[in-house]
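full-length UniProt numbering applies: residue 1 is where the sequence shown begins, and numbers increase by one. Ideal Cβ positions, reconstructed from N, Cα and C, are used throughout, including at glycine. Written out below as structure tokens is the structure these notes cover.
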Amino acid sequence: MPSDARPSRILLDATAVPADRGALSRYVEGLLRALHGLGAELAIACQRVEQERYAALAPGAQVVSGPAALAHRAARLAWEQTGLPRLAHRVGADVLHLPSYAIPVHAGLPTVVTIHDVTLFAEPERHDPLRTSYIKSATRTAARRATRIVVPSRAVRDDLVRLLGASAEHIDVAYHGVDHQVFRRPTPEEVKRVSDRLGLHGHPYVAYLGALEPRKNVPNLIRGWVRACAGRSEPPALVLAGGGGWDDEVDAALAVVPGHLRVVRSGYLPWSLLPGFLGGALVVALPSRGEGFGLPVLEAMACGGTVLTTRRGPLPEVGGEAVAYTEPDPTAIGRALASLLDAPERRLELAESAFTRAEDFTWEDSARAHLSSYARAIAQYAESHPS
1 MPSDARPSRI
11 LLDATAVPAD
21 RGALSRYVEG
31 LLRALHGLGA
41 ELAIACQRVE
51 QERYAALAPG
61 AQVVSGPAAL
71 AHRAARLAWE
81 QTGLPRLAHR
91 VGADVLHLPS
101 YAIPVHAGLP
111 TVVTIHDVTL
121 FAEPERHDPL
131 RTSYIKSATR
141 TAARRATRIV
151 VPSRAVRDDL
161 VRLLGASAEH
171 IDVAYHGVDH
181 QVFRRPTPEE
191 VKRVSDRLGL
201 HGHPYVAYLG
211 ALEPRKNVPN
221 LIRGWVRACA
231 GRSEPPALVL
241 AGGGGWDDEV
251 DAALAVVPGH
261 LRVVRSGYLP
271 WSLLPGFLGG
281 ALVVALPSRG
291 EGFGLPVLEA
301 MACGGTVLTT
311 RRGPLPEVGG
321 EAVAYTEPDP
331 TAIGRALASL
341 LDAPERRLEL
351 AESAFTRAED
361 FTWEDSARAH
371 LSSYARAIAQ
381 YAESHPS
């Protein structure tokens with residue numbers, strides 16, 4: 001490219017990104033900050049109430065809010081098909097990035113779509129049935145029509161090829177990063193503050209952070225924790241942090257927890273408490289049955305937590321040898337958890353390794369991988385749409 005060539009202009013559609021700072025929101029925030037830091041020319045489409053937030057994330061980016069009706073899902077889905085392509089033309093975008101699974105059928109420019117996971121194709125019974133049908137249809141359309149597909153792990157890439165027949169040549173892997181200013185080793189004061197907030201006041205605990213949905217495997221975590229606590233004079237509490245999702249089995253599993261064991265359902269915790277919560281736990285137990293990446297695993301690692309997870313999907317790509325693994329059934333979880341509870345030196349060794357490994361995952365590296373995908377999409381589109 002000549003040195004005086006205009007840099008490619010990226011339009012990122014954030015209109016479907018929830019403001020709850022869940023995994024999708026953290027992905028978009030981390031990516032936008034890093035793209036801005038790398039000097040990318042950005043335009044951002046968002047809902048009106050989010051305009052100031054996105055302007056602060058990427059100062060200098062052109063932030064365009066959509067119609068007020070986008071707050072309603074049906075209106076937003078319709079606007080994505082017609083209004084979004086017109087907006088892309090208006091802001092002079094060279095490439096359109098859809099960070100979720102929806103895509104305009106007739107975009108009129110190169111498109112890059114992030115497909116975060118395809119677990120609902122492999123295990124649809126572990127997902128909300130009200131959303132499964134639409135998401136599967138939208139994911140198939142995105143996999144078929146997007147110029148390029150970005151995925152957060154090799155496991156998702158391989159599943160897209162196996163389950164949806166996608167072409168591996170059109171898929172780019174861009175690992176997520178972690179915000180090392182938010183997720184970091186806590187101070188003793190931060191550990192004490194979160195312990196007091198939970199009503200534990202220094203009592204040891206096993207931590208879980210995430211939604212209560214079937215693929216997260218929380219019922220088996222509860223059952224496994226009960227097994228691991230058997231015969232202990234001072235059993236650790238189990239803290240279930242986070243919210244949302246659906247899983248009827250959670251309440252059933254909690255109903256039969258022995259009376260001498262303590263479960264704390266904290267709901268959402270403020271971001272300022274997460275380092276103390278994750279770094280202060282004996283073990284952060286995240287025995288998921290399926291993930292696209294496993295951002296909570298990485299965030300716990302960055303806080304110096306001792307992590308127990310499974311070898312399902314991409315989780316070994318994230319944890320490597322720096323975390324402990326278990327099968328997802330309650331017997332295996334109980335055995336693995338008990339082993340960690342009985343081995344403080346092993347927990348310390350894993351925590352040190354996890355913290356070091358987490359430093360390799362940065363949003364800047366992720367943004368560079370995205371920029372490469374955008375460039376491939378532009379070149380690929382030009383070849384198939386000669387002027």
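For Leu-38, there is no enclosing beta strand (DSSP E), as DSSP marks it with neither H nor E. Taking C-beta atoms as the reference points, Tyr-374 and Thr-147 fail to come closer than 7 Å. Ser-366 sits in a helix when the DSSP states are folded into three classes. With a 10 Å radius around the Cβ and a threshold of 16 neighbouring Cβ atoms, Gly-30 comes out buried. Note: Leu-286 is bridge-paired with Thr-309 in the DSSP secondary-structure output. Counting only runs of 3 or more residues that sit fully inside the segment 8 to 64, the beta strand (DSSP E) segments are 9 to 13 and 41 to 46, in chain order. Rounded to the nearest whole angstrom, the CA to CA distance from Leu-77 to Glu-50 is 18 Å. Between Gln-47 and Val-91, the gap from beta carbon to beta carbon reaches 7 Å or more. From the listed residues Gly-313, Gly-276, Ala-69 and Val-256, the smallest Cα separation to Cys-303 is found for Gly-276. In this structure, DSSP gives Ala-207 an extended state, which the three-state scheme calls strand. In the DSSP assignment, Val-257 falls outside any alpha helix (DSSP H) and carries neither an H nor an E. Between Gly-242 and Leu-209, the C-beta spacing is below 7 Å.
In the DSSP assignment, Val-113 forms a beta bridge with Leu-98 and Ile-149. With a 10 Å radius around the Cβ and a threshold of 16 neighbouring Cβ atoms, Ala-19 comes out exposed.
For Ile-103, the secondary structure class from DSSP, reduced to helix, strand or coil, is coil. For Arg-312, the number of other beta carbons within 10 angstroms of its own is at least 16, and it is reported as buried.
About 16 Å separates the beta carbon of Asn-217 from that of Pro-314, a gap too long to meet the 8 Å contact definition.
Excluding its 5 nearest sequence neighbours in each direction, Pro-330 has C-beta neighbours in its own chain below 7 Å: Asn-220, Arg-223, Gly-224 and Arg-227, listed in chain order. Boundaries of the alpha helix (DSSP H) around Leu-163: 154 to 164.
Residue state for Arg-232 is assigned as coil, using DSSP reduced to three classes.
When Cβ pairs closer than 8 Å are counted between the two stretches, the segment 354 to 368 is seen to touch the segment 169 to 184, the count reaching three or more.
Put simply, the backbone Cα of His-36 is about 11 Å away from that of Tyr-54. Beta-bridge analysis with DSSP links Ile-171 to Ile-149.
For Leu-240, the enclosing beta strand (DSSP E) begins and ends at 237 to 241.
The C-beta separation of Leu-337 from Leu-308 comes to about 6 Å, placing the pair in contact by the 8 Å criterion.
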